[in-house]
Amino acid sequence: MSHRITIAGAGAVSSAGWGVESLWRAVEAGAPLPSEALPHPSGDPGLARSVRRVPRPDPRPAFLAHPRLRRASAISHFAAAAALEAVGPEHLATIRNGTLRTGIVCSLLNGSVNYSARFHAEVLKDPATASPMLFPETVFNAPASHVAALLGITAPITTVLGDTAQFFPAVEIAIQWLLDDVVDTCLVIGVEEADWLTAEALALLAPGAVLSEGAGALYLEKNGPGPLVAAVHGPCPVLSGRTAAAVRLFGDIIPSAEMLLITDRSGDSATDAPTAAAVGAWPGPQSHPRLVLGESLGAAAALQSVLAVKSLTSGSHSSVLAAATGGNMQAAALELHFPGH
Amino acid sequence: MAYRSGDSPPSVPHRVVVTGTGILTAHGCGWRVNADAAREGRVSLKPVTLFDVTQQRVGTAGQVDLPENLPPHRLPARILSRMDRGSHLLLHAAHEAISTAGWTEETLPVPLCLGTSAGAMSLGEAFHRRTLALPGNRGGQTTRALFYQTHTQSVLAARAFGITGPVTLLSNACASGANAIGHAFQLLRRGQAERALAGGYDALCRLVFAGFDSLKALSTTRPRPFDSGRDGLALGEGAGLMALETLEHATARGARILGEITGYGASTDLHHLTQPDPEGGAAFDSMTQACRMAGIGAGEIDYLNSHGTGTPLNDSAEGRAIQRWAGGKVGTIAVSSTKGGMGHLLGGAGAVEAVISLMALYENFLPPNVSVESADAVCTFPLVLKPESRQLNAVLTNSFGFGGSNATLVFRKNPAL
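So the sequences go chain by chain: A and B.
Residues 57 to 397 in our numbering are what the first sequence lists, from first letter to last.
Residues 95 to 511 in our numbering are what the second sequence lists, from first letter to last.
Pasting the structure below:
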């Protein structure tokens, strides 16, 4: 039996704040958000890196008092907040009472870098006294596990690693779980947290971009009234260069003057060139949220996707393509349509 | 793997068989040495020499003696010199899986599905050490930043063997390798590909070693899963890969079939980030799901390769799950853990143990559970304590990880036999 896969909800945490509305307003305004200097562990001010952090939530959300989240790293807090917003209170009740089998596909690049660096620093100092509280939080699947515990999810969950385009193949995994009837609904989360080491790495690999952090989440269901997942394009593996992968990706996409293109432009000319070359003369409008929010790695394509949903549900557009060419793995895209488009 | 609205899975799923395997563990490199070690119950744990363990409670692990030379590959020397140990493990196992499957094409348009827990953590450690020791000195840091990214290992493995299909990298702690095989199995079942290369790997590194030691999870004596006096696990390293094909594809090309994957189950244990539900509820669920998909009852499983880490909590929870899942058949299902001989390979464990389970199925033997002096009372199932030859028709392997990720795979004998 054929099913339509639709978006039942979206959630976001970004350098613009906690929630989809703050994300939407910041990207609509179009001005790059302010950044802060993240100090080097040595304290040398000349080695500080510019980062667009997620602002502290005010007031502190009640869910952060959950036993699993009290000591968890920021990455798990972001994932949980985005997931809760995407699911919404009504769906949350049906997940928690076992009516729905809900899966989680969590996509990231770097993971829990703050706790990893802290734990490693302790190991370097004296491994015999390194904290057993920190180590479990360093595993890549800790955020997905915490979200599952918070929501009461016992269906399959998985964490998938990849470059900055990985969120789109993660959506496809969720779709296949839905079509295979492994789950009734599925959360797809893209999440990342910033630290000095990541900022330094990004400065080496993409010096024109500003590191950011956050999470985006889509809540997928079958045959719902929300935006339709018209297609997941790719992934086109980076085999003979990023531009070739991007060109292959866009070769399969039929552009239109009505379709909004949400790109992965981050401000680093070398990183941005492949998608720009492949897009060519796009006939419709374009949006470049990473220029506003910063480069949030595993969260970035998820935030593009959340903005795509918001563009449809706000009535701004009837079809949207969110696309990215990752650093060294793949080019991929998510195409959403308003129902009836 | 592009998806378009309206796509739907086939009404009758494709059958999926294994036509090649690759394995590298502390026992050695390749099918023969690992099958012999599993059959004999060999213990290959040794002192760790890769990093300083003098301040740890434990100094041994299933450290691999890397073969002197890499197998034939297509990576340039400048790439090789920058790759970490985990990538080397992966290349050895991938080459064996591809070559034993008889995949000889220059270009392999197949998906690559891998699982890992630590990835290239040793390069992350080096990046961090360097920035602390020499602030502002960028020598070699760009390379470390690029090669530390876990997906880079997978991308390079694909390039090494001309794999042009999509790459998927799963990281669900110690269930990663089993999840990767399960993911590839699902791709083939629903007809998204005719072939796939899948498995898992992990290399020893200081951060993870110290992490398990900090949790007091490492055995200070010797790992002995399911022994009443067990006191923890030994870490290991290695890689296990499987070449998977639809039965139609394998049959059409006359491939040797090592066995059929018939079931995959996955579930989530919410009890604790690192500790299993004492009653093994999620483990029961994943075994039940896998057997339901395979269309067989517990009584038809001849051998169960347990997750069996040797920690007090894991083995008792898994034992209870096995009791509940097997019901009245619990006395008929031979069970063992193979971690006592080679260590716990974390993200590679599920895949390596899937290969070992397939070896047992193909060569008709029960791998013994080493070092047991007095079996735990939870072992109401026959724990395999000595090498034994036995005709096997169906085997099941469990993998459970931090974060509550549980996975189970079921294999059956080559359908043509």
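The C-beta atom is built at its ideal place from N, Cα and C for all residues, glycine as well.
Item to check | Backbone CA spacing between proline 88/A and alanine 265/A [nearest angstrom] | outcome: Rounded to whole angstroms, proline 88/A and alanine 265/A show a C-alpha spacing of 12 Å.
Next on the checklist: Please state whether the Cβ-Cβ distance between alanine 221/A and valine 247/A is less than 8 Å.
Outcome noted: Taking the C-beta atoms as reference points, valine 247/A is found no nearer than 8 Å to alanine 221/A.
Next on the checklist: Distance check for arginine 126/B and arginine 350/B, CA to CA, integer angstroms please.
Outcome noted: Between arginine 350/B and arginine 126/B, the C-alpha separation is close to 16 Å.
Item to check | Nearest-angstrom Cβ-Cβ length linking valine 449/B and leucine 460/B, presumed shorter than 8 Å | outcome: Distance from valine 449/B to leucine 460/B at the Cβ level is roughly 16 Å; contact not present, criterion being Cβ atoms closer than 8 Å.
Item to check | Helix, strand or coil at proline 90/A according to DSSP, with G and I counted as helix | outcome: Here proline 90/A sits in coil by DSSP.
Item to check | Range of the contiguous beta strand (DSSP E) that encloses glutamine 386/A | outcome: In this chain, the beta strand (DSSP E) harbouring glutamine 386/A covers 386–393.
Item to check | Length-filtered (3 minimum) beta strand (DSSP E) runs lying within the region 273–310 of chain A | outcome: Within the region 273–310 of chain A, the complete beta strand (DSSP E) segments of 3 residues or longer fall at 284–293, listed in chain order.
Checklist entry - How about the region 98–117 of chain B and the region 318–328 of chain A: do they share at least three Cβ pairs that are nearer than 8 Å? => result Output reads no: the region 318–328 of chain A does not touch the region 98–117 of chain B.
Checklist entry - For proline 260/B and chain A, any beta-carbon pair shorter than 8 Å? => result With respect to chain A, the C-beta atom of proline 260/B has a partner C-beta closer than 8 Å.
Checklist entry - Would a check of beta-carbon distances place glycine 512/B closer than 8 Å to chain A? => result Residue numbering for chain B in the displayed model covers 95 to 511; residue 512/B lies beyond these limits and cannot be assessed.
Checklist entry - Mind checking leucine 228/B: buried by the 16 CB within 10 Å criterion, or exposed? => result Counting the other Cβ atoms within 10 Å of the Cβ of leucine 228/B gives fewer than 16, which makes it exposed.
Next on the checklist: Using only CA atoms, which one of Ser483/B, Thr403/B and Asp296/B lies nearest to serine 211/B?
Outcome noted: Among Ser483/B, Thr403/B and Asp296/B, the Cα nearest to that of serine 211/B belongs to Asp296/B.
Item to check | Identified DSSP bridge partners for glycine 116/B | outcome: The partner list for glycine 116/B (beta bridge, DSSP) reads Leu335/B.
Item to check | DSSP-derived helix/strand/coil call for tryptophan 338/A | outcome: In the three-state reduction of the DSSP assignment, tryptophan 338/A falls in the coil class, being assigned neither a helical nor a strand state.
Checklist entry - Per the contact definition of three or more C-beta pairs closer than 8 Å, is the region 376–387 of chain A in contact with the region 290–297 of chain A? => result With the cut-off at 8 Å, the region 290–297 of chain A and the region 376–387 of chain A touch.
Checklist entry - Of all the beta strand (DSSP E) runs that stay within the bounds of the region 255–317 of chain B, which reach a length of 3 or more residues? => result Runs found: 261–264 and 289–296.
Next on the checklist: Classify threonine 185/A: buried if its beta carbon has 16 or more other beta carbons within 10 angstroms, exposed otherwise.
Outcome noted: For threonine 185/A, the number of other beta carbons within 10 angstroms of its own is below 16, and it is reported as exposed.
Checklist entry - Should glutamate 219/B be flagged as near chain A, meaning a C-beta pair shorter than 8 Å? => result True, the Cβ-Cβ gap to chain A drops below 8 Å.
Checklist entry - Should arginine 172/B be listed as close to the ligand ADP, given that the test is whether its C-beta is under 7 Å from any heavy atom? => result For the structure depicted, the ligand ADP is absent and the ligand set is empty, with no information on it obtainable.
Checklist entry - From serine 430/B to phenylalanine 196/A, what distance separates their C-alpha atoms? => result Cα to Cα, the separation comes out at about 29 Å.
Item to check | serine 181/B, DSSP secondary structure in three states | outcome: Looking at serine 181/B - three-state DSSP - the assignment turns out to be helix.
Checklist entry - Within this structure, are the beta carbons of alanine 443/B and cysteine 268/B separated by less than 8 Å? => result Cβ atoms of alanine 443/B and cysteine 268/B: closer than 8 Å.
Checklist entry - Under three-state DSSP, which class holds glutamate 314/A? => result In the displayed model, glutamate 314/A falls within coil according to three-state DSSP, outside both helix and strand.
Checklist entry - How would you call threonine 115/B, buried or exposed, if buried means at least 16 neighbouring beta carbons within 10 angstroms? => result A residue is called buried when at least 16 other Cβ atoms come within 10 angstroms of its Cβ; threonine 115/B meets this threshold and is buried.
Checklist entry - Which partner residues of serine 343/A appear in the DSSP bridge assignment? => result Bridge partners of serine 343/A: Ile318/A.
Next on the checklist: Do leucine 363/A and tryptophan 80/A have their beta-carbon atoms positioned less than 8 Å apart in this structure?
Outcome noted: Between tryptophan 80/A and leucine 363/A, the C-beta gap is smaller than 8 Å, which places the two residues in contact.
Checklist entry - Is lysine 433/B helix, strand or coil by DSSP? => result If DSSP states are grouped into helix, strand and coil, lysine 433/B belongs with the helices.
Checklist entry - Is the CB of arginine 112/A under 8 Å away from at least one CB in chain B? => result Chain B, which has no Cβ nearer than 8 Å to the Cβ of arginine 112/A, makes this no.
Next on the checklist: Against chain B, does arginine 298/A count as a neighbour if the rule is that its beta carbon must be under 8 Å from one of theirs?
Outcome noted: So no, arginine 298/A is outside the interface.
Item to check | Check whether leucine 202/B and phenylalanine 255/B have beta carbons under 8 Å apart | outcome: The criterion of a C-beta distance shorter than 8 Å is satisfied by leucine 202/B and phenylalanine 255/B.
Checklist entry - What are the boundary residues of the alpha helix (DSSP H) that asparagine 408/B is part of? => result Taken as a continuous stretch (DSSP letters only), the alpha helix (DSSP H) holding asparagine 408/B covers 406–420.
Next on the checklist: Residues of chain A with CB closer than 9 Å to the CB of phenylalanine 496/B, please, in chain order.
Outcome noted: Residues of chain A with a Cβ closer than 9 Å to the Cβ of phenylalanine 496/B are, in chain order, Pro192, Val195, Asn197, Ala198 and Ser201.
Next on the checklist: Alpha carbons only, please: which of Met215/B, Ala304/B, Cys207/B and Gly353/B is nearest the one belonging to leucine 240/B?
Outcome noted: The residue with the shortest Cα to Cα distance from leucine 240/B is Met215/B.
Item to check | Proximal residues to serine 265/B (C-beta, below 8 Å), its chain only, five neighbours per side dropped | outcome: Taking serine 265/B as the centre and dropping the five residues before and after it, the same chain places the C-beta of Gly209, Thr210, Ser211, Gly213, Thr244 and Gly441 closer than 8 Å to its C-beta, in chain order.
Checklist entry - Is the CB-CB distance between phenylalanine 378/B and arginine 347/B below 8 Å? => result Phenylalanine 378/B is not a Cβ neighbour of arginine 347/B, given a cutoff of 8 Å.
Item to check | Within chain A, the residues that leucine 364/B reaches when beta carbons sit closer than 8 Å | outcome: Result: Ala204, Ala205, Gly208, Ile209 and Thr210.
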